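Engineer: Sequential numbering of the sequence shown, starting at 1, is according to UniProt numbering.
A virtual CB, placed ideally from N, CA and C, is assigned to each residue, including glycine.
Quick caveat, the model's predicted, so the values are computed rather than measured.
Dropping a structure here in structure tokens format, bear with me for questions.
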Amino acid sequence: MDRARTDQDLKRGKDAGLWDSIKETVKVGVQALLIAVVVRTLLFQPFNIPSGSLIPTLLIGDYLFVSKYSLGYSKYSLPLSEYLPFEAKGRIWGAEPKRGDIVVFKLPKDNATDYIKRVIGLPGDRIQVIEGVLNINGRAVKRERIADYSTTDAFGQPTLVPQYRETLPNGVTHEIIERDGDRGLWDNTQVYTVPANHFFMMGDNRDNSTDSRDLGNVGYVPFENLIGRAEVIFFSIDEGAAAWQIWNWPWTVRWNRLFKPIH
Numbered sequence: 001m002d003r004a005r006t007d008q009d010l011k012r013g014k015d016a017g018l019w020d021s022i023k024e025t026v027k028v029g030v031q032a033l034l035i036a037v038v039v040r041t042l043l044f045q046p047f048n049i050p051s052g053s054l055i056p057t058l059l060i061g062d063y064l065f066v067s068k069y070s071l072g073y074s075k076y077s078l079p080l081s082e083y084l085p086f087e088a089k090g091r092i093w094g095a096e097p098k099r100g101d102i103v104v105f106k107l108p109k110d111n112a113t114d115y116i117k118r119v120i121g122l123p124g125d126r127i128q129v130i131e132g133v134l135n136i137n138g139r140a141v142k143r144e145r146i147a148d149y150s151t152t153d154a155f156g157q158p159t160l161v162p163q164y165r166e167t168l169p170n171g172v173t174h175e176i177i178e179r180d181g182d183r184g185l186w187d188n189t190q191v192y193t194v195p196a197n198h199f200f201m202m203g204d205n206r207d208n209s210t211d212s213r214d215l216g217n218v219g220y221v222p223f224e225n226l227i228g229r230a231e232v233i234f235f236s237i238d239e240g241a242a243a244w245q246i247w248n249w250p251w252t253v254r255w256n257r258l259f260k261p262i263h
């Protein structure tokens, strides 16, 4: 009798220990999930680059973190935002992006599609492109010819294209390419006057970027449409390679781009 009772006690103890272990595992899992949800909702959101409009800064196959807190929050960057007290201009804790920042935003045309471009024009600015040269408020932006960039042409064939180092009025320097030289579709434009609470966006791949120069498809981007600022590349894989094919990573991952800050 005593032996049977002892065996039952041991079994109960094992069952209790197993149940405690399961509860602890579930608790840790729930906590980790909540932390991930909070981080993704309020702090950093991952995005991947599906097009070449920001070459050479960002490449197809780059995966990056976008800081949502850096620009504040709007109905386009927070879930259940209809229940939140947004300011009249459409953001809470809003901070305007700086000229030269690369930001993710909702396309004004449908307020649903995610776009990523560089901020070129601030509210009130006058923007124009003349023979490929960016002009801001009537002054040509400095650009310096550097080594040609290896990319593909409109037919997907390898080619070398002109590359420039462009310096914006606030001192931000970045590289741009002109796939069609200075005679591309958007290399001579009208003067665009950026409305209040709007921004003018452009890609660094100037002849292969649908951006604010195309008023019918992108145009001026409202402040409330901004989601966040691109901060760092956390993963990068060759164009056309599948990220889930881990066994190919030694050859397909662009190791030199991992954890590269975005400028």
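In the DSSP assignment, what are the bridge partners of His263?
Structural biologist: Its beta-bridge partners do not exist; DSSP assigns none.
Engineer: What would DSSP say about Asn137, mapped onto helix, strand or coil?
Structural biologist: Correct three-state label for Asn137: coil.
Engineer: Quick check: Phe105 and Val221, are their CB atoms within less than 8 Å of each other?
Structural biologist: Yes, these two residues count as a Cβ contact at 8 Å.
Engineer: Can you name the residues that DSSP bridges to Ser236?
Structural biologist: BP columns for Ser236 point to Asp62.
Engineer: If Phe223 sits next to Gly121, beta carbons under 8 Å apart, how far is it from one beta carbon to the other, in whole angstroms?
Structural biologist: The Cβ separation is near 13 Å, so there is no contact.
Engineer: Grouping DSSP H, G and I as helix and E and B as strand, with all else coil, what is Glu96?
Structural biologist: Coil at Glu96, not helix or strand.
Engineer: Are the beta-carbon atoms belonging to Arg257 and Asp204 less than 8 Å from one another?
Structural biologist: The answer is no: Cβ separation not under 8 Å.
Engineer: Please name the residue, chosen from Pro108, Tyr192, Tyr149, Gly156, that lies closest to Gly181 on a Cα-to-Cα basis.
Structural biologist: Gly181 has its Cα closest to that of Tyr149, out of Pro108, Tyr192, Tyr149, Gly156.
Engineer: On a CA-only basis, which of Pro169, Leu215, Glu166 is nearest Gln190? Give me that one, please.
Structural biologist: Out of Pro169, Leu215, Glu166, Leu215 has the C-alpha closest to the C-alpha of Gln190.
Engineer: Quick check on the DSSP output: the beta strand (DSSP E) that includes Pro46 runs from which residue to which?
Structural biologist: Run containing Pro46: 44-48, per the beta strand (DSSP E) assignment.
Engineer: Assuming contact is defined by CB atoms lying nearer than 8 Å, are Leu187 and Val141 in contact in what I supplied?
Structural biologist: Correcting the residue identity first, residue 187 is Asp in this sequence and not Leu. No; because the gap between Cβ atoms is not below 8 Å, this pair is not in contact.
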